[in-house]
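Participant: Just so you know, the working numbering puts 592 at position 546 of the sequence shown, and the rest follows in order with no gaps.
Ideal placement from N, C-alpha and C gives every residue a C-beta, glycine not left out.
If you're wondering where the values come from, they're calculated on a predicted model, not measured in any experiment.
Let me give you the structure first, and then I'll get to my questions.
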Amino acid sequence: MKSSSILILSLFFVTTAFAELDTLWTQTLPLDPAASVVGAAVVLQDGKTMAASPISSGGAIQLFRVSAVGEVEWSGQIFVPSSYVVTTGLVQMDEGHLIMSLVYYDDQDSANVFALVGLTTAGDALWIQTYSFGAFFWESGVAKLSDNTVAVYTTLFDSQGSGRATLLKFDSAGDTLWTRNVLPNGASGSFGTAICELAGGDLVLGGYYESPSFNYEGFVIRATPLGVPIWTNTYSGQDFGLAISCLDRDSQDNIVAGGSNGSPFWFATPWGVGITADGAPRWTLNPTEGMSFTVAGIRQSFDGGAVLVGSSESDFGQINGVMISVQNDGEINNTYIVPSLYSSIEGLHNSGTLGAVAFGGLYSEDNVFSGLLIRFGSGTSVNGFVRDQATNAPLRNARVEFLETGAYALTDQQGIYFLGVNQTTGTLRVTHPCASTTQLDVVLNEGEENTRNFALTKPDYFNGISSINSVATFGIPERDTLRLVNSGTGDLYFRVTIEEQEPAYGWLLVEPAQGTIAPGTTGEVVVTVLADGSRPESEFFGEVVIHHNDCTDSLDEVGIYTLALDSPEPPAVVTEFTVDPVYPNPFNNTARVAFELPRQANVDARLYTIEGREALVLASSSFGAGRHELIIEGNSLATGLYLLRLSAASSVSTQKLILLK
Numbered sequence: 047m048k049s050s051s052i053l054i055l056s057l058f059f060v061t062t063a064f065a066e067l068d069t070l071w072t073q074t075l076p077l078d079p080a081a082s083v084v085g086a087a088v089v090l091q092d093g094k095t096m097a098a099s100p101i102s103s104g105g106a107i108q109l110f111r112v113s114a115v116g117e118v119e120w121s122g123q124i125f126v127p128s129s130y131v132v133t134t135g136l137v138q139m140d141e142g143h144l145i146m147s148l149v150y151y152d153d154q155d156s157a158n159v160f161a162l163v164g165l166t167t168a169g170d171a172l173w174i175q176t177y178s179f180g181a182f183f184w185e186s187g188v189a190k191l192s193d194n195t196v197a198v199y200t201t202l203f204d205s206q207g208s209g210r211a212t213l214l215k216f217d218s219a220g221d222t223l224w225t226r227n228v229l230p231n232g233a234s235g236s237f238g239t240a241i242c243e244l245a246g247g248d249l250v251l252g253g254y255y256e257s258p259s260f261n262y263e264g265f266v267i268r269a270t271p272l273g274v275p276i277w278t279n280t281y282s283g284q285d286f287g288l289a290i291s292c293l294d295r296d297s298q299d300n301i302v303a304g305g306s307n308g309s310p311f312w313f314a315t316p317w318g319v320g321i322t323a324d325g326a327p328r329w330t331l332n333p334t335e336g337m338s339f340t341v342a343g344i345r346q347s348f349d350g351g352a353v354l355v356g357s358s359e360s361d362f363g364q365i366n367g368v369m370i371s372v373q374n375d376g377e378i379n380n381t382y383i384v385p386s387l388y389s390s391i392e393g394l395h396n397s398g399t400l401g402a403v404a405f406g407g408l409y410s411e412d413n414v415f416s417g418l419l420i421r422f423g424s425g426t427s428v429n430g431f432v433r434d435q436a437t438n439a440p441l442r443n444a445r446v447e448f449l450e451t452g453a454y455a456l457t458d459q460q461g462i463y464f465l466g467v468n469q470t471t472g473t474l475r476v477t478h479p480c481a482s483t484t485q486l487d488v489v490l491n492e493g494e495e496n497t498r499n500f501a502l503t504k505p506d507y508f509n510g511i512s513s514i515n516s517v518a519t520f521g522i523p524e525r526d527t528l529r530l531v532n533s534g535t536g537d538l539y540f541r542v543t544i545e546e547q548e549p550a551y552g553w554l555l556v557e558p559a560q561g562t563i564a565p566g567t568t569g570e571v572v573v574t575v576l577a578d579g580s581r582p583e584s585e586f587f588g589e590v591v592i593h594h595n596d597c598t599d600s601l602d603e604v605g606i607y608t609l610a611l612d613s614p615e616p617p618a619v620v621t622e623f624t625v626d627p628v629y630p631n632p633f634n635n636t637a638r639v640a641f642e643l644p645r646q647a648n649v650d651a652r653l654y655t656i657e658g659r660e661a662l663v664l665a666s667s668s669f670g671a672g673r674h675e676l677i678i679e680g681n682s683l684a685t686g687l688y689l690l691r692l693s694a695a696s697s698v699s700t701q702k703l704i705l706l707k
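Right, dumping it as structure tokens:
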């Protein structure tokens, strides 16, 4: 493996300050001799960066992983079934794996196959999915959406060679969910190039189309998550027209769009616009006179402006990567040129609160191509791991959120998270669907990586009743109680819903509808049946579902059946002392035993070890006639075989039971 180092760049400024660009580091990558640029890159959930560089022959793609501080950790290659490919995007899914989008070219230099490749963060190929959509344009917008799907906004060509901007959606395994033409004002001859997602799930799409005057006009479309347009903005340019190539948005859903004015590809003037979520203008870029700059990526600035990246070409053919920062009034206040005999910035991937990475290539005087990465983001970060307090196992998909800003990160399969922040004090809240929520007030060292680890407690849910069967009287409430036991180490959160009611008129009620049960305690949910005697039905069927955060099985379904009569049936008379079998048996921490008394009696119930030592006193008091239930709490007991002795008056019942932890 070739060595690499952090590149020390010379900066050429219009003004002296350059804080608006918020760059963390710049890195060069040792490319294969048959490669020239990095074609795709993404900031990972742990703050590291993955980059991909297509090799011009042999059907290979070179991969790099770079640490959070810019050091190359490893490089490798994967192979794809085509001699010439172009990488069009790289995203990371909630599960932690990556999806890379590719376009294959045939011998006639026609892009006729689109593909998605699943990758691990160690660079191993998981799967490859290919799609024959017909001729396919290499310029595409690719985004990972909040529902853990991948959206691609691109161009498909029909048999007459006319392009149509098309939105494609795939699941996290690369299977096609749907495709849809999303065109500006129904225009044909359109090119889809950019996509981002707003906070509520709506999509913002960008591109350009051929106008009736045969030049290009740029467009921005806000659409529903299904691709139905809500509004469309179109923008005219000069000479050959205007092409929009990139989009971004901030936490308030303000949108920025960037592109090239005068030509879709070369010798263009940089173009940018800031608009609101409703499409209203905020600012328009006022470029420096004579500036030639093809825009490849855009990043929303904290002050409402933007950073645009791309490449410039001089009259004598030299190409250089360029970054400009734009104020929230559209004026350029800083310009940065990547110094090299040849350099280019091919694109920029925004990863939300994790920051962004610009990517491209350098060509040195000794005729060697190197990859180029420029990392954007907050210089202050907090990272660490989240684990299960009881087992020390990592908790994946825990959400670590900075409450003051709403910035958050999800933990990966190793329970690791990385979160860039703009404050040094605040509150971190950690939530997980299978564990208790915790919060921590933090003071962070500005400009440094700060480590905060979390151990979350987990609940253990038990409800021994799977169905309730009862006889009720019309107009009189019939009530039963569900006892929810939490024998775990964390709070048990529950929510109760009624999923089915037959007949469907609201005869079934539950209270409370939600709640929290502390570790080692029991909560109650009262189920009430109130049959309406003015209706013809006498049989009632329903289902109560208890949603909880014990993820061994986070849904508990309790069936309800009630027969309603004009007058209640008297309960069966208890004629003798009986004890039901312990349930469940074997049990884990908690079990139940029910017994019936024909008359009031002193009841003594005790648990003994197999050696005869008393382990637990369940009851020692007077009980009235009827049916009763005792709960056996085994939290303080060791795994093993026990004897339950239950006596009432002169009657004694003994059972064996097994505790398994």
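By the three-class DSSP mapping on this structure, what secondary structure does Leu53 have?
Facilitator: Unreliable positioning characterises Leu53 in this predicted model, as indicated by a pLDDT of 42, which lies under 50. The coordinate reading is nonetheless provided below. Here Leu53 sits in coil by DSSP.
Participant: Run through DSSP, which three-state label would Gly579 get?
Facilitator: Looking at Gly579 - three-state DSSP - the assignment turns out to be coil, as it is neither helix nor strand.
Participant: Does the segment 131 to 138 come within contact of the segment 81 to 91, defined as at least 3 CB pairs closer than 8 Å?
Facilitator: Cβ pair count under 8 Å is three or more, so yes.
Participant: With a CB to CB cut of under 6 Å and the five nearest residues on each side skipped, what residues in its chain are close to Leu109?
Facilitator: The residues are Ala98, Gly122 and Gly169.
Participant: Give the C-beta separation of Ile563 and Leu530 to the nearest angstrom, bearing in mind that I take them to be a contact with Cβ-Cβ under 8 Å.
Facilitator: Contact flag correct, Cβ pair sits at about 6 Å.
Participant: Taking a contact to mean a Cβ-Cβ separation below 8 Å, would you say Leu692 touches Val625 in this structure?
Facilitator: Yes.
Participant: At what residue ranges does the segment 500 to 571 contain a whole run of the beta strand (DSSP E), taking only runs of 3 or more?
Facilitator: Segments of the beta strand (DSSP E) lying fully in the segment 500 to 571: 500 to 502, 513 to 519, 524 to 532, 538 to 548, 554 to 557 and 560 to 563.
Participant: From the DSSP output, read off the bridge partner residues of Asp487.
Facilitator: Partner(s): Thr473.
Participant: Please state whether the Cβ-Cβ distance between Leu653 and Ile678 is less than 8 Å.
Facilitator: Their beta carbons are under 8 Å apart, which means Leu653 touches Ile678 by this criterion.
Participant: Is Glu335 near the ligand SAM, going by C-beta to nearest heavy atom under 7 Å?
Facilitator: The ligand SAM is absent from the structure shown, which contains no ligand whatsoever.
Participant: Going by other Cβ atoms of all chains shown within 10 Å of its Cβ, with 16 needed for buried, is Asn194 buried or exposed?
Facilitator: Label assigned to Asn194: exposed.
Participant: On the CB-based measure, 16 or more other CB atoms within 10 Å of its CB, does Ala446 come out buried or exposed?
Facilitator: Reading the sequence as shown, one finds Val at residue 446 and not Ala. It counts as buried.
Participant: Just to confirm, are Ser386 and Asn366 a CB contact at a threshold of 8 Å?
Facilitator: Yes, these two residues count as a Cβ contact at 8 Å.
Participant: Report all residues from its chain with a CB closer than 7 Å to the CB of Ser397; omit the five preceding and five following residues, and keep chain order.
Facilitator: Closer than 7 Å at the Cβ level, and outside the excluded window around Ser397, lie Val88 and Val89.
Participant: Based on DSSP bridge pairs, tell me the residues matched to Gly164.
Facilitator: Beta-bridge pairing links Gly164 to Ile145 and Trp173.
Participant: Please tell me whether Leu165 and Met139 are closer than 8 Å, where the distance is taken between their beta carbons.
Facilitator: Going by C-beta atoms, Leu165 is not nearer than 8 Å to Met139.
Participant: In three-state DSSP terms, what is Leu400?
Facilitator: Helix, per DSSP.
Participant: Sort Ser129, Gln91, Lys94 and Thr95 by Cα distance to Gly105 and report the nearest one.
Facilitator: Checked all of Ser129, Gln91, Lys94 and Thr95; the closest Cα to Gly105 is Ser129.
Participant: Can you give the Cα-Cα distance for Ser306 and Met369, rounded to whole angstroms?
Facilitator: If you take the alpha carbons of Ser306 and Met369, they lie about 14 Å apart.
Participant: For Asn374, name the three-state secondary structure that DSSP assigns.
Facilitator: In the structure shown, Asn374 sits in coil (DSSP, three-state: anything other than H, G, I, E or B).
Participant: If I follow the unbroken beta strand (DSSP E) through Val115, where does it start and stop?
Facilitator: No beta strand (DSSP E) holds Val115; DSSP gives it neither H nor E.
Participant: Beta carbon of Leu77, beta carbon of Phe415: below 8 Å?
Facilitator: Contact flag set, yes.
Participant: Would you list the residues sitting across from Glu585 in a DSSP beta bridge?
Facilitator: Glu585 pairs with Leu609.
Participant: Roughly how many whole angstroms lie between the Cα atoms of Ala326 and Ile267?
Facilitator: Whole-angstrom Cα-Cα distance: 12 Å.
Participant: Helix, strand or coil, according to DSSP, for Pro316 in the structure here?
Facilitator: Note: Pro316 maps to strand in three-state DSSP.
Participant: In angstroms, rounded to a whole number, what distance separates the CA positions of Leu703 and Leu687?
Facilitator: Computed Cα separation, rounded: 6 Å.
Participant: Roughly how many whole angstroms lie between the Cα atoms of Ala550 and Phe586?
Facilitator: The straight-line gap from Cα to Cα measures roughly 9 Å.
Participant: Looking at the structure shown, is Asn14 part of a helix, part of a strand, or coil, going by DSSP?
Facilitator: Outside the shown range of the chain (47 to 707) lies residue 14, about which nothing can therefore be said.
Participant: For Thr543, count neighbouring Cβ atoms within 10 angstroms of its own Cβ and tell me buried if that reaches 16, exposed if not.
Facilitator: Burial call: exposed.
Participant: Rounded to a whole number of angstroms, what is the C-alpha to C-alpha distance between Asp252 and Pro582?
Facilitator: Note on identity: in this sequence residue 252 is Gly, with Asp being the wrong assignment. Distance between the alpha carbons of Gly252 and Pro582: 60 Å.
Participant: Could you have a look at Asn332 and say whether DSSP puts it in helix, strand or coil?
Facilitator: Asn332: strand per DSSP, three-state reduction.
Participant: According to DSSP, which residues form a beta bridge with Glu263?
Facilitator: Answer by DSSP bridge pairing, in chain order: Tyr255 and Ser282.
Participant: Exposed or buried, what is Arg659 when buried is set at 16 or more other beta-carbons lying within 10 Å of its beta-carbon?
Facilitator: Per the 10 Å Cβ criterion, exposed.
Participant: Please classify Lys707 as buried or exposed, where buried requires at least 16 neighbouring CB atoms within 10 angstroms.
Facilitator: That one is exposed.
Participant: So which of Leu683, Pro523, Gly534 and Gly187 has the shortest CA-CA distance to Asp578?
Facilitator: For Asp578, the nearest C-alpha among the options comes from Pro523.
Participant: How about Leu202 and Thr212: do their beta carbons lie closer than 8 Å?
Facilitator: The answer is yes: Cβ separation under 8 Å.
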